[in-house]
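Read in order, the letters of the sequence shown are residues 1 to 246 in my numbering.
Even glycine gets a Cβ: it sits at the ideal position worked out from N, Cα and C.
All remarks here apply to the structure that follows.
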Amino acid sequence: MAGHSKWANIQHRKGRQDAARSKLFSKLSKEITVAAKMGDPDPDKNPRLRLAVKEAKAVSVPKDVIDRAIKKSQAGDAENYDEIRYEGYGPGGVAVIVEAMTDNRNRTASNVRSTFTKCGGNLGETGSVGFMFDRMGQIVYPASAGDEDTVMDAAIMAGASDVESSDDGHVIWTDFEDLADVSSALEETLGDSLSTKLVWKPQTTTELDLEGMQRLMKLLDALEDDDDVQSVTANFEASDEVMDQL
């Protein structure tokens, strides 16, 4: 898949998430609370929390909301969340990974299964599609961060594994365990990123036409609307023409 198409897909998903800003803030706050509870409440001593805070700041989550989420993790009555991954297939045979944080496994499993069924998908067993993805770190920079060579040199020096550049921007890939270190190194040379997070990167993609994309988006949007769902990833590809029509 061409870098531009990948960028378009990334931006399309991000745009749909930004439209539900309060829901996005809630999901990011939950990740901050869980990360702080599992490790040190100081972001400088907790890589997962540091990345969660950075991602929250990237979408303009207010500082007081971030601080409140960290403090919530230290409260005696803080909720206990289980992290669960669901896997299945959407319309057109597209592989889908759903990551959730929940205080009620039965509720979440029932909701996710129902959503897949209602939207023409099929929820599978854990591992049914996970082998089709690589767990990687993804750092996104705007085109203004530098030209292709400048960003490539900075990424190599920082220890990144790959860079995809286009007129729209730069997507830098790292091994998942190196994301925090590579991100910090890139900040020194390129400044703040647009996004820094762990993602599921498809090894192969399934190209969809307009009708296929409309059906798939119905499923992905319904899953993302679930309060227990933190992220949804699918191995779809679509042309710029199809993306523009959505």
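Looking at residue i and the ligand PLP, is the gap between the Cβ and the nearest heavy atom below 7 Å?
i, result
"Ala58", "No copy of the ligand PLP occurs in the structure displayed, which carries no ligand at all."
Below 8 Å on the Cβ atoms is my contact criterion, and I expect residue i with residue j to pass it. Report the Cβ-Cβ distance as a whole number of Å.
i, j, result
"Met101", "Asp228", "7 Å"
"Ala185", "Thr174", "Not quite, the Cβ-Cβ distance comes to about 10 Å (not below 8 Å), so this is no contact."
"Ser195", "Ala58", "6 Å"
"Leu51", "Leu179", "7 Å"
"Phe116", "Leu219", "7 Å"
"Arg135", "Leu223", "The Cβ separation is near 19 Å, so there is no contact."
"Tyr89", "Gly121", "6 Å"
"Pro202", "Gly169", "The Cβ separation is near 19 Å, so there is no contact."
"Glu83", "Ser231", "Wrong, their Cβ atoms sit about 11 Å apart, outside the cutoff."
"Gly130", "Thr206", "At roughly 16 Å, the Cβ-Cβ gap does not stay under 8 Å, so Gly130 and Thr206 are not in contact."
"Gln247", "Pro43", "Here the chain has residues from 1 to 246 only, and residue 247 is not among them."
Would you kindly report the start and end of the unbroken beta strand (DSSP E) that includes residue i?
i, result
"Ala100", "95-102"
"Val163", "162-166"
"Ser73", "Unbroken run through Ser73 is the alpha helix (DSSP H), 63-74; no beta strand (DSSP E)."
"Gln138", "133-142"
"Ala145", "Neither: Ala145 is in no beta strand (DSSP E) and is coded neither H nor E."
"Val229", "229-234"
For residue i, count neighbouring Cβ atoms within 10 angstroms of its own Cβ and tell me buried if that reaches 16, exposed if not.
i, result
"Leu190", "buried"
"Met213", "buried"
"Lys63", "exposed"
"Leu208", "buried"
"Gln138", "buried"
"Met38", "exposed"
"Asn46", "buried"
"Gln245", "exposed"
"Asn235", "buried"
"Ala36", "buried"
"Glu125", "exposed"
"Ser165", "buried"
"Asn106", "exposed"
"Ala2", "The pLDDT assigned to Ala2 is 35, lower than 50, so where the model puts this residue is not dependable; a value taken from the coordinates is nonetheless given after this. Flag for Ala2 reads exposed."
"Ile10", "The predicted model places Ile10 with a pLDDT of 49, which falls under 50 and marks its position as unreliable; any figure quoted below should be read in that light. Classification of Ile10: buried, given that the 10 Å Cβ count is 16 or more."
"Glu237", "buried"
"Ser193", "buried"
"Glu31", "buried"
"Lys27", "buried"
"Trp7", "Any answer about Trp7 is weak, because its pLDDT of 44 lies below 50 and its placement is not dependable; what the coordinates show is given next. By the neighbour-count rule (16 or more Cβ atoms within 10 Å), Trp7 is buried."
"Gln54", "The sequence given here has Lys at residue 54, not Gln. Buried: at least 16 other Cβ atoms inside 10 Å."
"Asn111", "buried"
"Ser60", "exposed"
"Ser183", "buried"
"Ser144", "exposed"
"Arg251", "Residue 251 falls outside the range modelled here, since the chain spans only 1 to 246, and no answer is possible."
"Thr108", "buried"
Along the alpha helix (DSSP H) that carries residue i, what are the first and last residues, could you check?
i, result
"Asp221", "210-224"
"Lys201", "It is not in any alpha helix (DSSP H) - Lys201 instead sits in the beta strand (DSSP E) that spans 195-202."
"Ala180", "179-190"
"Asp240", "240-245"
Which one or two residues does DSSP pair with residue i in a beta bridge?
i, result
"Asn274", "The first residue shown for the chain is 1 and the last is 246, placing residue 274 beyond what the model contains."
"Thr108", "The partner list for Thr108 (beta bridge, DSSP) is empty, contrary to what the question assumes."
"Gly169", "Pro142, Ser166"
"Thr115", "DSSP, once it has assigned bridges, lists no residue as partnering Thr115."
"Ile84", "Ala100"
"Thr206", "Phe236"
"Asp153", "DSSP output for Asp153 lists no bridge partner at all."
Whole beta strand (DSSP E) runs in the segment 18-58 with 3 or more residues, listed along the chain?
Runs found: none.
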